[in-house]
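Worksheet for the structure shown next.
Protein chains: 2
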Amino acid sequence: MGTGQLQKAVRWYPPSYDIRVEDVPVPLIQDPDDAIVKVKLAALCGADLHIYRGHGGVEKIHTCGHEFIGEVVALGSAYGTHAKDRPLLYSTLKVGDKVVSPFTINCGECQACRFGFTARCAHSTLFGSPALEGGQAQYIRVPKAGATLFNLSDPKTWPNGTPTSLADSSLLMLADILPTGVFAALQCLSHPKVQPVLTGKPWPLSLHPNSATTDSAPLTQEDVRLTVAIIGLGPVGICTAVSLLDMLAARRHPHRIVGVDLLESRREKMRAVYAAIDQEGRGLGEFIACSPEEAKTTLGKWTQGVGCDAVIEVVGHNSALTLAYELVKAFGVITSVGVHGEPQLPFTGRQMYNKNVSFDFGRCPARAMFPMAFEILGKFKRQDVFGQVGERASLVDRITDFGQASESYRAFDKGEVGKIIFDPWK
Amino acid sequence: MGTGQLQKAVRWYPPSYDIRVEDVPVPLIQDPDDAIVKVKLAALCGADLHIYRGHGGVEKIHTCGHEFIGEVVALGSAYGTHAKDRPLLYSTLKVGDKVVSPFTINCGECQACRFGFTARCAHSTLFGSPALEGGQAQYIRVPKAGATLFNLSDPKTWPNGTPTSLADSSLLMLADILPTGVFAALQCLSHPKVQPVLTGKPWPLSLHPNSATTDSAPLTQEDVRLTVAIIGLGPVGICTAVSLLDMLAARRHPHRIVGVDLLESRREKMRAVYAAIDQEGRGLGEFIACSPEEAKTTLGKWTQGVGCDAVIEVVGHNSALTLAYELVKAFGVITSVGVHGEPQLPFTGRQMYNKNVSFDFGRCPARAMFPMAFEILGKFKRQDVFGQVGERASLVDRITDFGQASESYRAFDKGEVGKIIFDPWK
Numbered sequence: 001m002g003t004g005q006l007q008k009a010v011r012w013y014p015p016s017y018d019i020r021v022e023d024v025p026v027p028l029i030q031d032p033d034d035a036i037v038k039v040k041l042a043a044l045c046g047a048d049l050h051i052y053r054g055h056g057g058v059e060k061i062h063t064c065g066h067e068f069i070g071e072v073v074a075l076g077s078a079y080g081t082h083a084k085d086r087p088l089l090y091s092t093l094k095v096g097d098k099v100v101s102p103f104t105i106n107c108g109e110c111q112a113c114r115f116g117f118t119a120r121c122a123h124s125t126l127f128g129s130p131a132l133e134g135g136q137a138q139y140i141r142v143p144k145a146g147a148t149l150f151n152l153s154d155p156k157t158w159p160n161g162t163p164t165s166l167a168d169s170s171l172l173m174l175a176d177i178l179p180t181g182v183f184a185a186l187q188c189l190s191h192p193k194v195q196p197v198l199t200g201k202p203w204p205l206s207l208h209p210n211s212a213t214t215d216s217a218p219l220t221q222e223d224v225r226l227t228v229a230i231i232g233l234g235p236v237g238i239c240t241a242v243s244l245l246d247m248l249a250a251r252r253h254p255h256r257i258v259g260v261d262l263l264e265s266r267r268e269k270m271r272a273v274y275a276a277i278d279q280e281g282r283g284l285g286e287f288i289a290c291s292p293e294e295a296k297t298t299l300g301k302w303t304q305g306v307g308c309d310a311v312i313e314v315v316g317h318n319s320a321l322t323l324a325y326e327l328v329k330a331f332g333v334i335t336s337v338g339v340h341g342e343p344q345l346p347f348t349g350r351q352m353y354n355k356n357v358s359f360d361f362g363r364c365p366a367r368a369m370f371p372m373a374f375e376i377l378g379k380f381k382r383q384d385v386f387g388q389v390g391e392r393a394s395l396v397d398r399i400t401d402f403g404q405a406s407e408s409y410r411a412f413d414k415g416e417v418g419k420i421i422f423d424p425w426k
Numbered sequence: 001m002g003t004g005q006l007q008k009a010v011r012w013y014p015p016s017y018d019i020r021v022e023d024v025p026v027p028l029i030q031d032p033d034d035a036i037v038k039v040k041l042a043a044l045c046g047a048d049l050h051i052y053r054g055h056g057g058v059e060k061i062h063t064c065g066h067e068f069i070g071e072v073v074a075l076g077s078a079y080g081t082h083a084k085d086r087p088l089l090y091s092t093l094k095v096g097d098k099v100v101s102p103f104t105i106n107c108g109e110c111q112a113c114r115f116g117f118t119a120r121c122a123h124s125t126l127f128g129s130p131a132l133e134g135g136q137a138q139y140i141r142v143p144k145a146g147a148t149l150f151n152l153s154d155p156k157t158w159p160n161g162t163p164t165s166l167a168d169s170s171l172l173m174l175a176d177i178l179p180t181g182v183f184a185a186l187q188c189l190s191h192p193k194v195q196p197v198l199t200g201k202p203w204p205l206s207l208h209p210n211s212a213t214t215d216s217a218p219l220t221q222e223d224v225r226l227t228v229a230i231i232g233l234g235p236v237g238i239c240t241a242v243s244l245l246d247m248l249a250a251r252r253h254p255h256r257i258v259g260v261d262l263l264e265s266r267r268e269k270m271r272a273v274y275a276a277i278d279q280e281g282r283g284l285g286e287f288i289a290c291s292p293e294e295a296k297t298t299l300g301k302w303t304q305g306v307g308c309d310a311v312i313e314v315v316g317h318n319s320a321l322t323l324a325y326e327l328v329k330a331f332g333v334i335t336s337v338g339v340h341g342e343p344q345l346p347f348t349g350r351q352m353y354n355k356n357v358s359f360d361f362g363r364c365p366a367r368a369m370f371p372m373a374f375e376i377l378g379k380f381k382r383q384d385v386f387g388q389v390g391e392r393a394s395l396v397d398r399i400t401d402f403g404q405a406s407e408s409y410r411a412f413d414k415g416e417v418g419k420i421i422f423d424p425w426k
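Protein chains in written order, with full-length UniProt numbering: chain A, 1 to 426; chain B, 1 to 426.
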C-alpha cells in the first residue's frame, strides 16, 4: 500500500441525493496515533441520510459511512510496548487484528473520555463527514485508533459469556445502532423520575432514604407497570426496543411498550423482532407497534389519559419531539437520541414547566457502551435479530456490493428497505 | 365566622403593578375536603412577580400569595375518624392545629400524588392565582387540605432531629422556597450524568455494574471535583445553594460552586449566607458569588474551558437558560426550577444534540419535599439563615403589615429588598 494506490469508495456529492462509486487514493498514516483498516463490511445508517438529503449544510465531497468492521493493515509510530501508559490498544494492537470501530473517534485521554462520555471527546469526529473520510471504502484511516477501535481478535477483552463466533454482520451492529439503542434504554431507565415506577417508592424516597412521607396513598400495581413509547422503528429504534426489553426482563419488571412509526414495513419488522425475542417477557409485558394516532389512543386507554412514564425519540425531527411531549406524562422523561438539526425546539418554557418535563439529548458514547452492547449481541445470537441476514426478524436486510450503492441509498431513504451492508470486495 | 364577615386581603388588579389592600368576605367551606385557615404569616415570593408584572396573561382580580402558615379554624365534613382510608390528615387534623401549606394544593390520591409528584396532582392549583385565592389575607380556604397541609402541631410527624421550637418565620420557608431549593439540588445530584463525578466511576459503569471498560484513562481527582453554577441568587437560589452545600457536606464531596446574579445586593446576601453555613465544608469546596461575565471567566479557568458539570437555573427567563447552556459541559445537566412563560426555548435541536444536554424542568412537588426540607431547616436553625429576621445572613429581610403591601411589591420587584413577610394582623 504505497502512495498513489487506488481503492473503491462510496462518495457523496453536493448538493444532495448524489452518490458515486469512485477510485480514490488508499489512505496513509498521517499521525502517530493513526491506524489504517482494511474494511470487510460497512453499513448504511439512518444518520447517513442527513447528509444524503442535503440537510447538513455540507458542501465537501467525501467518502460516506460511519459503520465498519475490518482488519488492521498499518499502524502509526505511537503503537508498541513503549505506549504502556496510554489506552490499552496503543501497546497491544497488531497488524492483522480484526477490529470494529464506533462511529466517532475518541482519544481515551481527555476528560470527556475519562468520564466515559466518548461521543464528546475533545477530538471527537464523525466518520463519513466532511471532517473525516468514511468507512464505505476498501480502506479507512482511523485517527486515535488506540482508544477508538475495539480489538475483536482478543477474546479476553470480550465481556463474559459473549460467543466468539459472532458473524461479522452481527459485530458490525456494535458500530452504532446497538450501542445507541442500549444508550437510549439505559438513559430512560436510569432517570430519577422513572425510579418511583421501578422501585415502587414515591419521590423523593426513591432517591433519598430519609425522606419518607406517609401523606399520599400507596402506589398500586398498575402505577408501577412501566409505560414507554419508542418513536421511530428504524434499525436504531428496534435496537432500542430490544435493549429496553432485555433490561426489563432482567429486572422482571412489568411493562407496556408502544413502538411508533409512520411506515407499516418498519412496524412489521418490529413485530417480527418482538416475536423472536420475547421469551422471558411473556406475561410481564405488552408490546404494540403502531402509527402515531394509534399510539395516542392506546396510551390514552392504558394510562387513563395520564400519559406514559417515558418516551424515547429515535427520529431526529421536531414532529417526533412534539409527539413525545404529547405522549409523556407530567414528571415524565423524554430521551432523545435522534440527530437534530437547525430548527428551534418546538416548545415554550411554559410547556416545559407545566409538565415538569425532563429531556436527555444527544449522541451515544458508543465506545463506552460496547461492553453492554456486546452482552446483548451474545444473548440474541440464536434469535436471528442480529444474526442471519435477510430473515424476517433480522435487522440486516441484505449484504450487497458498491455497484448497488446509489440505489441502496435511494431505497433506504424511501424506507423501502431496512439495514443494508456493503461488502467492498464483492 | 358566618357568611358575610369581612377580612383584609392583598389584591392584584390588572393589567399590572397594581396592588391594593381591601376588605373581602372571609372564605367559607365549599367542599367536604376544604379547611379554612387563619393566616399567621404570609410571604411574598419571586413567583408572585410574574402576575404582578402582568406577564401571566391574567385578567381576574384576586388575592395574592402562595406562602402561608396559620391555624385551622374550620373543617369540611370529610374530616374525622370515618376518613381512615384517606390521607392522614383527613382523620387527624383538628380545629386549632397549626399548619403550613405548600404553594399548590394536592389531593394525595391521584397517580401523580401516589408517585410523590404532588406539584402535578390532577387537582393541582396554585394559591394566589385566578383559579384560587391566595394567602396574603387574614383567612384562606385550602381545598384538599387533608393531603395538602402539614400539621405542625403533631411533632411525631416531624422528621427525626427537627427542633420543635422553630420560629413561624422559619417554618414559613417550607411553603415554597426551601423545598424548591432542595428539589433543585436533589435533581442535580441524582442525575445519571452527574454520577461519574460523584462515584468516580465512568459512564456507564456508574449505572450498570457489568459494563466496565478499561480503554480510557482513569478519572483524576480534579475530574471528580463537582463544579456547579447556580443562576439566580434570590431567596430560592440561596435555598438551592444551602441545600446543595448540605448534600455535598454529607457526602464529603469536593466541589466548586458559582452563584450567579446580576444584582450585587443578592450576591452579597449569598456570601453572608455562605459564611454563616460553611462549617463542615471548609477545604472541601469553593464558593463564589458573581456576575454572569465573571462566572464565564471563573468556570473557564476552573474547568480549562470544558464547562461545569451541572447548572441550576432559578430565574425563569430565556437569558438564564442561554447562559446555562453556555456554562455547562457536554454531557452536562441543566436543572431548571425557574417559572417559564410563553417564549419558545432559545435552543435548536442541533445545540441539544451537539452538547448532549440533559434538562430537568418544572415546579417543585413541595409537599413531597417537606421531610427533606424540614431536616435542613432544623440543621441551620442556629445559623441565622432561616432564623432571626433582618440579620445579615437571614433570608427574611423584614416582617411588615398589609399597609406596606404595595410598596413591598414595588421594592421586591426592583430587587431592593430580599424576602418580605406579611403579618395580616399587625
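Ideal Cβ placement from N, Cα and C applies to all residues, glycine included.
The Cβ neighbour count for A:Val236, taken over all protein chains shown within 10 Å, is at least 16; the residue is labelled buried. Between the beta-carbon of A:Phe347 and that of B:Gln344 there is about 7 Å, and that keeps the pair under the 8 Å contact cut.
Closest in C-alpha terms to B:Gly161, from the list B:Gly390, B:Leu377, B:Glu59, comes B:Leu377. With distances taken between CA atoms, A:Gly128 lies nearest to A:Ala9 out of A:Leu226, A:Ala9, A:Ser243. Annotated as distal: B:Pro179 and B:Phe380, with beta-carbon spacing of 8 Å or more.
Within the same chain, and ignoring the five residues on either side of B:Ile230 in sequence, the residues whose Cβ sits closer than 6 Å to its Cβ are Gly237, Thr240, Ala241, Gly259, Ile312.
When the Cα atoms are used, B:Leu262 and B:Gly116 turn out to be separated by approximately 34 Å. At a beta-carbon threshold of 7 Å, the residues of chain B lying near A:His340 are Gly349, Arg350, Met352, Tyr353, ordered along the chain.
Contact with chain B is absent for A:Leu178, since none of that chain's Cβ atoms lies less than 8 Å from the residue's Cβ.
In the assembly as shown, B:Lys84 is an exposed residue. Its beta-carbon has fewer than 16 other beta-carbons within 10 Å. Here A:Glu133 carries a coil assignment [DSSP, helix/strand/coil]. Look at the region 329-405 of chain B and you find these whole runs of alpha helix (DSSP H), each 4 residues long or longer: 349-355, 366-379. By a beta-carbon distance limit of 8 Å, A:Ala147 contacts B:Asp215. Their separation comes to about 6 Å.
Considering only beta carbons, no part of the region 123-144 of chain B lies closer than 8 Å to chain A. The CB of A:Trp203 comes closer than 7 Å to the CB of Phe115, Gly116, Phe117, Pro365, Ala368 in chain B, given here in chain order. The DSSP-derived three-state label of A:Gln30 is coil. When B:Gly316, B:Asp384, B:Gly4, B:Met173 are compared, the shortest CA-CA separation from B:Val100 is found for B:Met173. Around A:Gly234, no beta-carbon contact reaches into chain B at under 8 Å, the shortest distance being about 17 Å. Selection B:Lys40, B:Arg114, B:Ile277 evaluated against B:Val72 yields B:Lys40 as nearest (Cα-Cα).
Cβ-Cβ distances below 7 Å link B:Tyr13 to Arg20, Ile61 in the same chain, with the five nearest sequence neighbours on each side left out; the list follows chain order. Between A:His66 and A:Gly108, the C-beta spacing is not below 8 Å. If you check the CB distance, A:Pro192 and B:Gln388 do not come in under 8 Å. Counting of Cβ neighbours within 10 angstroms places A:Thr81 among the exposed residues, the total staying below 16. With contacts defined as CB atoms closer than 8 Å, B:Val333 and B:Ala310 qualify as a contacting pair.
Contacts with chain B at 8 Å (Cβ-Cβ) include A:His208. Contact holds between the region 399-408 of chain B and the region 18-34 of chain B, because three or more Cβ pairs, one in each stretch, are under 8 Å apart. Judged by pairs of C-beta atoms under 8 Å, the region 312-330 of chain A does not touch the region 322-329 of chain B, as fewer than three such pairs exist.
When secondary structure is reduced to three states using DSSP, A:Asn318 falls in the helix class.
The C-alpha of A:Cys308 is placed about 33 Å away from the C-alpha of B:Gly307.
Ranked by how close their Cα comes to the Cα of A:Ala119, the residues B:Pro204, B:Leu219, B:Phe374 have B:Pro204 in first place. With distances taken between CA atoms, B:Ala131 lies nearest to B:Cys64 out of B:Thr298, B:Cys64, B:Ala137. A Cβ of chain A is located within less than 8 Å of the beta carbon of B:Gly108.
Contact of B:Asp413 with chain A by beta-carbon distance below 8 Å is absent, the smallest such distance being about 20 Å.
The beta carbon of A:Thr157 lies closer than 7 Å to those of Asn151 in the same chain, with the five residues before and after it left out.
Excluding the 5 residues flanking it on each side, B:Val417 has same chain C-beta neighbours closer than 8 Å at Asp397, Arg398, Ser408, Ala411, in chain order. For B:Val99, no Cβ of chain A is located within less than 8 Å of the residue's own Cβ.
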